[in-house]
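Asks:
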Amino acid sequence: MKIMKKLSVFLMGIFALAMMASCSSSDDSSTGGAPNLKEGITKTLTLKIAGNSTTGRASAAVAAGSEATINELIVVIYDNDLDKIEGISKVTSPTVTSNTITQTVHFNTTKPSVFVLANVPMNSVDAALGQNLTSFKDCMANLDVTAAGDGLSQVTNHLPMVGSTSTLTAGASENSFTANVTLHRMVARVVLNNITTNFSNGESFTVTDVFMKNVNSESSFMHSDIAAEAGTFATLKGFPTVQTLVDGLMADTNNKAWLHNSYATTPWSNTTPAYFYVFPNNNTVFAQQTQIVIKGKYIDNDNPSPGVDRYYVAVVNRAPDSEGKITYTDNPDAGTGAILGNRIYEIAVTITGEGQTASDVEADVDPIPAGQNNVELTVNVAEWPVAIRQNVNF
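Following our numbering, the numbering of the sequence shown begins with 27 at its first residue and continues without gaps.
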């Protein structure tokens, strides 16, 4: 009987110890469902960084896959507890395997958020180290990173990207964790893939230039919600931008030649679309909305050969009139006039009459209420898949 009593007491003691261990484990700090994020201990985080897998349409003008090239990578660890940027890790030419980069970083906070930036200068966020979230919000990507070396065009293989997460899961060993981050491009691709004319009185029009107007020069890396992954369109359109609007051709001290295509030597062809990369812009005022402009020589009875310069202006994501058509794939913002990140805007234009003068365009005269439109516009808006790949030099 005494033996049974001793055994009972012994078993109850083991049970009590197990319960205490269980309670101790559940009291550890955690975030995103990850257990055992202990204070005062350096922890290891293995990031699986991938591109988004949505379906989308490619452009004949772009080399397959080049727009998803990763040249440089910056990983930012933010401490939600202390409201400061705890650490910044940098990688050049990261290895990409099956659309995924595996990157290991270290952190101390028990409440981390992770931001991943790609294809931006490696010192882009240095000023935010040790500072609060506002300092990180003040860090900007400049659209200049897309400019080719000759300054006359944009490259396809150096497009800024961003992703974030606050969800960690337990790793294979104590104090090791994993997280998944999905990268999305911070820019949109604007494609002019067709220009036709439909005149009724023998007029003619020859394209000499295509350029962008009112393009945001910079964009923040910060989302509207730090805890949200950059995988939703609603998040991507929340990027705050600096309202320094740049043009490709018009008289402007901020003129960017790489936002401009000339067809003076090689004539425009519908088989070779014009494409541009631009930051988001959700302005609702015409004078600040991102526009694509077609310039050329217009000839009619009042303007004989060689004709006069005329301009046809279209807000990228706005139907010009009842004849305009906006189609889209999973994009409730189609037709609003807003440009959002990681989207493709494909535009086809039919010119039906005389366009605007240079002075009208420089004065930001909206052609629709001014009765100067003479353009039928079809726009397709679609998601833009990212199947990331590494930059390889042969």
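Yeah, the Cβ is synthetic: ideal placement off N, Cα and C, and Gly gets one too. Keep in mind the model is a prediction, meaning the values are calculated, not measured.
1) Should V8 be labelled buried (16 or more other beta-carbon atoms within 10 Å of its own) or exposed?
2) Please list, in chain order, all residues of the same chain as N296 whose beta carbon is under 6 Å from its beta carbon, the five residues on each side excluded.
3) DSSP has L73 in a bridge; who is on the other side?
4) In chain order, what are the residue ranges of uninterrupted beta strand (DSSP E) at least 3 long that sit wholly in the segment 165-238?
5) Counting pairs of Cβ atoms below 8 Å between the segment 232-251 and the segment 392-405, do you hit three or more?
6) Could you tell me whether the segment 222-237 touches the segment 143-151, using the rule of 3 or more Cβ pairs below 8 Å?
7) Buried or exposed for D105, going by 16 or more other Cβ atoms inside 10 Å?
8) From this set, R336, T316 and I318, which residue's C-alpha is nearest I325's C-alpha?
9) Check whether the segment 160-180 touches the segment 115-128, taking contact to mean three or more Cβ pairs, one atom from each stretch, closer than 8 Å.
10) Let me make sure I understand the geometry here. Which of M212, N287 and A277 has the alpha-carbon closest to that of M248?
11) According to the neighbour-count rule (16 or more other Cβ atoms, all chains shown, within 10 Å of its Cβ), is P411 buried or exposed?
12) Hey, how far is the Cα of P293 from the Cα of A205?
13) If you reduce the DSSP assignment to three classes, tell me which class Q314 lands in.
14) What are the boundary residues of the beta strand (DSSP E) that A430 is part of?
15) My understanding is that Y371 touches V342, with C-beta atoms under 8 Å, so please give their C-beta distance in whole angstroms.
16) For Q315, collect the residues of the same chain with a Cβ closer than 7 Å to its Cβ; drop the 5 residues on either side in sequence, then sort them by chain order.
Replies: In short:
1) The question about residue 8 has no answer, for the chain in this structure spans 27 to 420.
2) The residue you call residue 296 lines up with position 270 of the sequence shown. Excluding positions up to five away in sequence, the list reads N220.
3) Residue mapping note: residue 73 aligns to position 47 of the sequence shown, counting from 1. L73 is bridged to Q129 and A205.
4) 166-168, 187-191, 202-211 and 214-223
5) In short, these stretches do not touch, since the Cβ pair count stays below three.
6) Contact between the segment 222-237 and the segment 143-151 is absent, with fewer than three C-beta pairs closer than 8 Å.
7) Residue 105 sits at position 79 when you count from the first residue of the sequence shown. Buried is the call here.
8) To locate residue 325, count along the sequence shown from 1; it is residue 299. Answer by Cα proximity: R336.
9) no
10) Within the sequence shown, residue 248 is the residue found at index 222, counting from 1. M248 has its Cα closest to that of M212, out of M212, N287 and A277.
11) One-based indexing of the sequence shown puts residue 411 at position 385. With 16 or more other Cβ atoms within 10 Å, it is buried.
12) Taking the sequence shown and counting its residues from 1, the one referred to as residue 293 is at position 267. Taking the sequence shown and counting its residues from 1, the one referred to as residue 205 is at position 179. Computed Cα separation, rounded: 50 Å.
13) Start at 1 with the first residue of the sequence shown, and residue 314 comes out as number 288. Q314 falls in the helix class under three-state DSSP.
14) Since the first residue shown for the chain is 27 and the last is 420, residue 430 is missing from the structure and cannot be characterised.
15) Position 345 of the sequence shown, counted from the first residue, corresponds to residue 371. Position 316 of the sequence shown, counted from the first residue, corresponds to residue 342. Confirmed, Cβ separation roughly 5 Å.
16) Mapped onto the sequence shown, residue 315 falls at position 289. Once the five neighbours on either side are set aside, the close Cβ partners of Q315 are N240, N307, N309, V341 and G363.
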